[in-house]
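Undergrad:
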Amino acid sequence: MNNTIIQVEMENGDTFQIELLPEYAPETAANFEKLVRQGFYDGLTFHRVIDGFMAQGGDPMGNGMGGSGKNIPGEFSANGFPQNTLSHQRGVISMARSSHPDSASSQFFICYDDASFLDGQYAAFGRVTKGMETVDSFLSVKRIGPEGGTPVEDIKIKRMTVL
């Protein structure tokens, strides 16, 4: 069986592709695909971009506080889901959440480097298979804020589609 591929087209025309890996986090992958099919992510931004760590997006409020209105169970080992062994390495996509383990909704992040310290704490559910240079290009946007991670210009998703 072939895994679902998501094409992400940025407002500037650059693209990248994400392969969903439901064998690690089935409900997480299904929720992400459903949101893509609904057009939820179209027009949203990557609101947090941190060198050597990750790029985070998927928040309709654009400030890290929003979601889709539905939370999903945290499919990671610290939350009783030991089958998610996908390590947070470069190009891996995972769900962002608050301190509550079942608070993931629509926000996701893509790792720039090894972030294996997140393994077992966050639901990794896919990986960038093409166009990681597009995700890397987010780092060239000037950023401000306490972590130096808030882009001063929008890094906007034009549309996401299921291929």
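Residue numbers (full-length UniProt numbering): 1 to 163. C-beta atoms are modelled at their ideal positions from N, C-alpha and C, and glycine is treated no differently. As the structure is a computational prediction, the values presented were derived from the model and not from experiment.
Which residue wins for smallest C-alpha separation from E23, given the options R159, Q107, P82?
TA: The candidate whose alpha carbon is nearest that of E23 is P82.
Undergrad: Can you look up K70 in the DSSP assignment and give me helix, strand or coil?
TA: Reduced to three states, the DSSP call for K70 is coil.
Undergrad: So for A25, helix, strand or coil by DSSP?
TA: In this structure, A25 counts as coil in the three-state DSSP scheme.
Undergrad: Would you tell me roughly how many angstroms separate the C-alpha atoms of V92 and A55, rounded to the nearest one?
TA: Roughly 11 Å separates the two Cα atoms.
Undergrad: When the Cα of L139 is compared with those of D102, G145, I155, which residue comes out closest?
TA: L139 has its Cα closest to that of I155, out of D102, G145, I155.
Undergrad: Classify M10 as buried or exposed, calling it buried when 16 or more other Cβ atoms lie within 10 Å of its own Cβ.
TA: Answer is buried; the Cβ neighbour count reaches 16.
Undergrad: Give the C-beta separation of Y122 and S87 to the nearest angstrom, bearing in mind that I take them to be a contact with Cβ-Cβ under 8 Å.
TA: Rounded, the Cβ-Cβ distance is 11 Å, inconsistent with contact.
Undergrad: State buried or exposed for N12, treating a residue as buried only when at least 16 other CB atoms are found within 10 Å of its CB.
TA: N12 should be labelled exposed.
Undergrad: Quick check on the burial criterion: 16 or more other C-beta atoms within 10 angstroms. Buried or exposed for N63?
TA: With fewer than 16 Cβ atoms within 10 Å of its Cβ, N63 is classed as exposed.
Undergrad: Examine the ligand NAP and report whether any of its heavy atoms sits within less than 7 Å of the Cβ of S68.
TA: Here there are no bound small molecules, and the ligand NAP is not part of this structure.
Undergrad: Excluding the five sequence neighbours on either side, which residues of its own chain have a C-beta within less than 8 Å of the C-beta of K142, listed in chain order?
TA: Correct list, in chain order: P151, V152, E153.
Undergrad: What residue does the beta strand (DSSP E) around S94 start on, and which one ends it?
TA: Unbroken beta strand (DSSP E) run through S94: 92-95.
Undergrad: What does a CB cutoff of less than 6 Å around S77 pick up in its chain, not counting 5 residues either side in sequence?
TA: Once the five neighbours on either side are set aside, the close Cβ partners of S77 are G120.
Undergrad: Quick check on G74: buried or exposed, where buried means 16 or more other Cβ atoms within 10 Å of its Cβ?
TA: G74 comes out buried.
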